[in-house]
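Peer 1: Those letters in the sequence shown? Residues 3 to 149, by my numbering. Glycine is no exception: its CB is placed at the ideal position from the N, C-alpha and C atoms. As the structure is a prediction and not an experimental result, all values here were calculated from the model.
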Amino acid sequence: MKNVFKVACLFVLLFAIWSCNSSAPKTAAAPKIELNLSPKTAADSNKNDSIAIAQVTALPEFNNILKWFQKNNKDTTKHVGVVIGQEPVKGFNYYWVKIGVDDPDRFEDLEHFYVNAKDQSVHYLDIKTDSLMSLSQWRGSGKDSWK
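#1: Find out if the Cβ-Cβ distance for the pair L112, V124 is shorter than 8 Å.
#2: Tell me the DSSP secondary structure of L137 in three-state form.
#3: For the structure I just gave you, are there three or more beta carbon pairs, one from the segment 80-89 and one from the segment 129-146, closer than 8 Å?
#4: Compute the distance between the beta-carbons of V85 and F109, then report whether it is under 8 Å.
#5: In three-state DSSP terms, what is G142?
#6: On a Cα-Cα basis, can you pick out the residue from G93, S143, K100 and L127 that is closest to V82?
#7: Check whether the Cβ atoms of D105 and K80 lie closer than 8 Å to each other.
#8: Between S52, S143 and G144, which lies nearest to Y97 when the distance is taken from Cα to Cα?
#9: Can you name the start and end residues of the alpha helix (DSSP H) that F71 belongs to?
#10: If you draw a straight line from the alpha carbon of T131 to that of K49, how long is it in whole angstroms?
#11: Taking only the alpha-carbon atoms, compute the straight-line gap between K73 and N95 and give it to the nearest angstrom.
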């Protein structure tokens with residue numbers, strides 16, 4: 003009986019969250035640049051997460067994304083975020099690092115990178131073709147030019 007009560011409470015809570023409408027008008031102001039470095043809490047993050055994120059944010063293309071965002075964003079509730087999509091597991095030796103636009107409702111991916119957990123080398127993940135490229139291949143493909 004306790005489990006049924008817990009499930010019912012969880013359902014009511016999820017429905018309440020889902021039904022909230024955050025469509026209040028937003029005022030225009032200077033864009034805000036923040037780095038949401040990980041969806042984890044500080045207690046859950048580790049040194050290797052920070053190294054993987056630092057490798058990606060050190061790329062010149064990351065600065066190009068920030069410039070593009072500053073120029074094109076007028077919504078003060080949005081900011082550039084960097085998150086760990088997946089950590090290394092057995093058979094997958096990479097951190098999946100995503101750069102995107104973060105707002106109160108969702109995270110919109112812009113670019114995807116894999117950072118090798120052993121040597122911290124960075125590779126570009128083309129999600130449209132599901133292929134991994136070296137940074138030099140990515141830069142030569144023209145896909146790295148930001149908008």
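Peer 2: With the given structure in hand:
#1: no
#2: helix
#3: no
#4: yes
#5: helix
#6: Residue K100 is the option with its Cα nearest to V82.
#7: yes
#8: S52
#9: Taken as a continuous stretch (DSSP letters only), the alpha helix (DSSP H) holding F71 covers P62 to N74.
#10: 31 Å
#11: So the alpha carbons of these two residues sit roughly 36 Å apart.
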